[in-house]
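Visitor:
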Amino acid sequence: MNGAILQSVTKRYWDICEGNDSIDDQLKWYIAQRHPELGSKSLLQAELEWSRRSGDAEETQCQTLVLLVGFSIEPLLQSVCVHRPQKIALFLNEAGYLLEQPHSFAYHVTNAVKILACEGLLDVVPLFPGEEGHAGFKVEDSPQAVFRKLVEVLRDETDVVIDVTGGKKSMVSGAYLYAAYSGVEISYVDFDKYDPKRRRPYGYTCWIDKLSDPYREFALRDWERVRSLYNRYQFREAGEILGEDILPVMEQRLPNSKGSIKRLVEFMEYYEAWDRGDFREARRIGTRIEQFAKSHKFSFSQPTAVTELGDIWFEIEANSYEFRKIPKGLYGHEHKLKAYVCDELSRVCRLIRFNEDYRSAFLRAGALNEIVMLGRLVVLVTCREERQRLLDALDERTPTARQVFGGLAKTSLTIGKNRKFDISWHHGPEPAITVTNTPMQDWWSQTAFKDNPNQSENDGW
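Take the sequence shown: its letters are residues 1 to 461, numbered as in this note's numbering.
(1) Let me know if Gly259 comes out buried or exposed under the rule of 16 or more other beta-carbons within 10 Å of its beta-carbon.
(2) Which residue wins for smallest C-alpha separation from Lys262, given the options Leu150, Val160, Gly120, Gly243?
(3) Below 9 Å between beta carbons: does that hold for Val184 and Ile208?
(4) Helix, strand or coil for Asn437, going by three-state DSSP, please let me know.
(5) Pull up the distance between the alpha-carbon of Asn437 and that of Phe405, whole angstroms please.
(6) By the 10 Å Cβ neighbour count, where 16 or more other Cβ atoms means buried, how is Asn2 classified, buried or exposed?
(7) Within 10 Å of its beta-carbon, does Trp461 have 16 or more other beta-carbons around it, so buried, or fewer, so exposed?
(8) Just how far apart, CA to CA, sit Tyr340 and Met440?
(9) Check each candidate in Tyr202, Phe218, Gly136 and name the one with the smallest Cα separation from Phe105.
(10) Write down the C-beta distance between Glu47 and Cys206 rounded to the nearest angstrom, noting that I regard them as a contact closer than 8 Å.
(11) Quick check on DSSP: helix, strand or coil for His35?
(12) Ends of the beta strand (DSSP E) at Pro188?
(13) May I ask you to report which of helix, strand or coil DSSP gives Cys206?
(14) Just curious, the alpha helix (DSSP H) that Asn355 is in, first and last residue?
(15) Name the one or two DSSP bridge partners that Phe137 has.
(16) Just verifying my parser: in three-state terms, what is the DSSP assignment at Tyr97?
(17) Quick check: what's the CA-CA separation for Glu152 versus Ser72?
(18) For Ala282, which residues in the same chain have their Cβ closer than 7 Å to its Cβ, ignoring the five residues on either side in sequence?
(19) Tell me which residue opens and which closes the alpha helix (DSSP H) that Arg324 is part of.
(20) Considering just the uninterrupted stretch of the beta strand (DSSP E) at Phe412, what are its terminal residues?
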């Protein structure tokens, strides 16, 4: 058996098809008619053997094979023989097939598959799920309709292959979208030789190919995860996916993208440092990004908290939990303090919005409230020398929130070291400072926790 003999028998088959309008008779001849010149094999058997010799028809059994049915049935039969499915889901164009309705045309496929089993090309006749008592599923030839129908039909199916050989372009695109999102395999019957006069491929040159999944090839699912995590301010997780999952894939497929992805990782490191309140580290990374942005002519705007506080913020000693640098006089820098408060308020809102972490949000809001009250306390001290002494004392340690709240509720208050003062602590200013005040409304006295007998102390705290 050689290519010339196969080509000759193929042309004989085409002549028979032109002289016989019965699709079932045509397919029976294609599947079952044995030819001495082909070693007593049918044309389909010889085509499959030729493809196996070329390594193009390796049998890979699947549970469910979806066939997009067009007018040419022969390539679909090759696909069935290669995939050897337990079920075949026929997707039929609801517009019909010339003079036949969709389910009538589907009969030609099911009948041919039964002949495959009779001729030993299949071990068993696959099941043909369908609707309205017929094999197959009618579907509009649009991407949306095919996608919806695939979701409906394959909901409980596993080990699925979708063969798009016979489908119209609009149907193929819907199947391809479904396969990309669900991760199922897409295959089609390709060919190497085509008869331009008959406008048909030579079956013995056909082979089963698999379409690569761009979602997998270019890590598109991971890119979607990065976008979702970024929008939820989960910058550390987004950076990990970029560096660990996406970068190796993109290096292989698009080597020139390595630098860009590493730059994205750096952006995530920047925003992660900002979001956790490490403004000094964010400022350090941001300076590099600003230089890169300037040289590549794009704008990069940093959060106000980073630009205002980055150069003065806390710095933690490497491999320890001790501060190497701490901000000095922060409560006296009204603009910087406002930048911090606004940034922290946004962080509190994010804890609720994205994490529903009300406990952490409450604790951060409570701590922020203390900072705001200390800033207000500093504003009350109008004497420059006294204000500096108060700021120096606050740099060492801060008084309790209880004392600050209580003091700010008075029209006049004293601040110092001795307990006799309204606000006092070990590092308090000396000599003491006396200030007048517009009393803060004691809203805490109106809460359900104030003087609650079920609390350990009857002071609302």
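Idealized CB from N, CA, C, for every residue including glycine. Please read these numbers as outputs of a predicted model, since none were measured by experiment.
Guide: So, to answer that:
(1) The sequence position of residue 259 within the sequence shown is 259, counting from 1. So Gly259 ends up on the exposed side.
(2) For the purposes of this step, residue 262 is taken as residue 262 along the sequence shown, with counting starting at 1. Residue Gly243 is the option with its Cα nearest to Lys262.
(3) As a first step, residue 184 must be located in the sequence shown, where it is residue number 184. As a first step, residue 208 must be located in the sequence shown, where it is residue number 208. Going by C-beta atoms, Val184 is not nearer than 9 Å to Ile208.
(4) For this step, residue 437 is matched to residue 437 along the sequence shown. Looking at Asn437 - three-state DSSP - the assignment turns out to be coil, as it is neither helix nor strand.
(5) As a first step, residue 437 is located in the sequence shown; it is residue number 437 there, counting from the start. As a first step, residue 405 is located in the sequence shown; it is residue number 405 there, counting from the start. Distance between the alpha carbons of Asn437 and Phe405 is about 12 Å.
(6) To locate residue 2, count along the sequence shown from 1; it is residue 2. Its Cβ having fewer than 16 others within 10 Å, Asn2 is exposed.
(7) By 1-based counting over the sequence shown, the position of residue 461 is 461. With a pLDDT of 46 at Trp461, under the threshold of 50, the predicted position of this residue should be treated as unreliable, though the coordinate-derived value follows. The residue in question, Trp461, is exposed, as its Cβ has fewer than 16 Cβ neighbours within 10 Å.
(8) Mapped onto the sequence shown, residue 340 falls at position 340. Mapped onto the sequence shown, residue 440 falls at position 440. Using only the alpha carbons, I get a separation of about 22 Å.
(9) Position 105 of the sequence shown, counted from the start, is the residue given in the question as residue 105. Of the listed residues, the one whose Cα sits closest to Phe105 is Gly136.
(10) On the sequence shown, position 47 is the one that residue 47 refers to. On the sequence shown, position 206 is the one that residue 206 refers to. So it is a contact: roughly 7 Å between Cβ atoms.
(11) Position 35 of the sequence shown holds residue 35. Looking at His35 - three-state DSSP - the assignment turns out to be strand.
(12) For this step, residue 188 is matched to residue 188 along the sequence shown. For clarity, residue 188 is Tyr in the given sequence; the question names Pro instead. Element bounds for Tyr188: 185-191.
(13) The residue labelled residue 206 in the question sits at position 206 within the sequence shown. Residue state, collapsed to three classes: strand.
(14) Here residue 355 refers to the residue found at position 355 of the sequence shown. First-last of the alpha helix (DSSP H) with Asn355: 334-355.
(15) For this step, residue 137 is matched to residue 137 along the sequence shown. Paired residue(s): Phe91.
(16) Within the sequence shown, residue 97 is the residue found at index 97, counting from 1. Looking at Tyr97 - three-state DSSP - the assignment turns out to be strand.
(17) Here residue 152 refers to the residue found at position 152 when the sequence shown is read from its first residue. Here residue 72 refers to the residue found at position 72 when the sequence shown is read from its first residue. Going by the C-alpha atoms only, they are around 26 Å apart.
(18) Position 282 of the sequence shown, counting from 1, holds the residue named residue 282. Hits under 7 Å: Tyr270, Ala273, Trp274, Val306, Gly310.
(19) As a working mapping, residue 324 is identified with position 324 in the sequence shown. Looking at the DSSP string, Arg324 is not in any alpha helix (DSSP H); the run it does join, the beta strand (DSSP E), is 323-325.
(20) In the sequence shown, the residue the question calls residue 412 occupies position 412. In the sequence under discussion, the amino acid at residue 412 is Ser, which differs from the Phe named in the question. 412-416 is the extent of the beta strand (DSSP E) around Ser412.
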